[in-house]
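The sequence shown maps to residues 1 to 379 in UniProt numbering.
Backbone N, C-alpha and C define an ideal beta-carbon position, used for all residues, glycine too.
Please read all numbers here as calculations on a predicted model, not as lab measurements.
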Amino acid sequence: MVSWLRRSKSSWRIVCSPTISWLLQRLMMRSGSGDNMQIQLDSLEELDEVYEEVEENQAYFRGRISSSGMSFNIPSPSSEGRRESGSYRLPWMRSSHEMAQALSMEERCDIAAAETNLNKEQMNIYRQESERILDELQAAYDEAELRIGEIRRDVADFHREVIVEASERGTETASSEHVLKFLQQKVRKTRSNTEKLRERNATLQGNIAKTEAALEIKKDLSDVLHAVDFDQLAIQKQQLEARLRDRENEVFRLKRENLKTEKALEKTHSQLRVLFEEYNVIKATLLERQPQLHRVREDTAKAIALKRKMQESLQQFMKERESSSGEKKPTAMEYLDLKKRVAILQQKSHAMQMKVGVADLTATQLGVKLCKAIKACKE
């Protein structure tokens with residue numbers, strides 16, 4: 001009994017505090033209907049009754065202990081339990097401060113963490129309930145705004161059609177005929193709106209029925225489908241997959257050809273670049289060799305002129321020799337000297353002919369290369 005009182009006292013001291021009114025307000029806020037509120041109020045009344053019973057039991061035991069005259073001068077085994085008065089109290093008779101001092105730091109942290117988590121859960125619950133209540137209040141507010149707008153329009157219509165007409169006739173009160181006419185118009189308008197809504201509802205019901213019938217027909221058709229249809233669909237699927245594979249292969253082939261074309265184009269560009277560089281080199285070489293070619297041509301012309309002169313001299317010498325056949329013949333030394341001079345002239349003529357041939361061949365090769373380079377540049 002004492003242990004139960006100890007637990008009940010420590011728990012009810014936390015729960016049953018002067019915040020009963022606050023708990024009541026919270027329960028009223030969280031209540032969704034009148035029945036739930038009545039159940040929660042009944043639970044609160046039972047809670048108060050239990051709390052009062054616990055308080056009476058505690059007062060009874062305190063009276064029994066005080067009337068028995070027990071001193072409880074039992075020394076505590078620890079230094080913390082010793083007081084200056086030398087008295088010792090049971091754990092359930094200690095205050096909350098003394099019980100808090102008896103707890104370790106880890107236990108206090110665990111209790112604080114548990115209380116924090118509990119408070120967070122309660123806050124989340126309160127937040128959700130508050131959001132739900134706020135949504136309900138917002139919906140009610142919007143509905144009230146719509147209703148207020150309708151009432152204002154009705155009041156404005158009544159004022160325009162009845163009150164203003166009565167004021168125009170010079171009377172302060174409206175006639176019952178105008179009021180009845182206005183009410184009949186409102187009733188007719190309401191009935192027409194009701195009929196429109198009924199027609200719309202009937203149309204929607206018919207559409208729903210048609211949709212359900214079509215759905216039932218589709219279900220029946222799906223049940224009627226035979227395995228042959230599925231085989232045909234499978235065959236069509238295979239055909240489409242084969243066509244798709246062919247198209248993919250064609251696309252891959254075109255991609256490969258495109259890559260080959262790009263590579264060939266790059267190769268052609270590189271070759272054209274090389275040919276253009278060779279053309280520039282040949283052109284520069286021709287420009288550099290123009291003076292040399294000019295000198296070769298001059299040397300060739302000189303050699304030809306010298307050859308012509310030598311031929312003329314030889315012919316003249318032969319004529320003179322024939323004309324002077326009766327005269328004294330040249331000596332052997334003169335003949336050898338003349339033969340030596342002829343050999344030297346023949347060597348010079350041969351060298352000149354070789355130079356002229358080399359110059360012609362070089363000019364021909366340079367011309368051919370120049371023509372090829374010009375054609376490549378034009379292409």
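Do Thr300 and Met352 have their C-beta atoms within less than 8 Å of each other? yes
Could you tell me the alpha carbon to alpha carbon distance between Arg169 and Ile148, rounded to whole angstroms? 30 Å
Using C-beta distances below 7 Å, list every residue in its chain close to Glu278, excluding the 5 sequence neighbours before and after it, in chain order. Ala373
DSSP state of Arg169, grouped into three classes? coil
Put Thr211 into one of helix, strand or coil per three-state DSSP. helix
Tell whether a beta-carbon distance below 8 Å holds between Ile282 and Lys369. yes
C-alpha gap between Leu286 and Ile344, whole angstroms: 34 Å
Three-state secondary structure (DSSP) at Lys372? helix
In the DSSP assignment, find the unbroken alpha helix (DSSP H) run with Thr116 in it and report its ends. Met105 to Phe158
Among Glu334, Ser323, Leu338 and Asp246, the one whose alpha carbon lies nearest that of Met310: Leu338
Other residues of its chain near Phe182: CB distance less than 7 Å, five sequence neighbours each side excluded: Phe158, Glu161 and Val162
Mind checking whether Ala303 and Val356 have CB atoms under 8 Å apart? yes
Does DSSP put Leu338 in a helix, in a strand, or in coil? helix
Let me know the secondary structure DSSP gives Ser175 once reduced to three states. coil
Only counting the same chain, and skipping five residues up and downstream in sequence, which positions put a Cβ closer than 7 Å to that of Val296? Lys355 and Ala359
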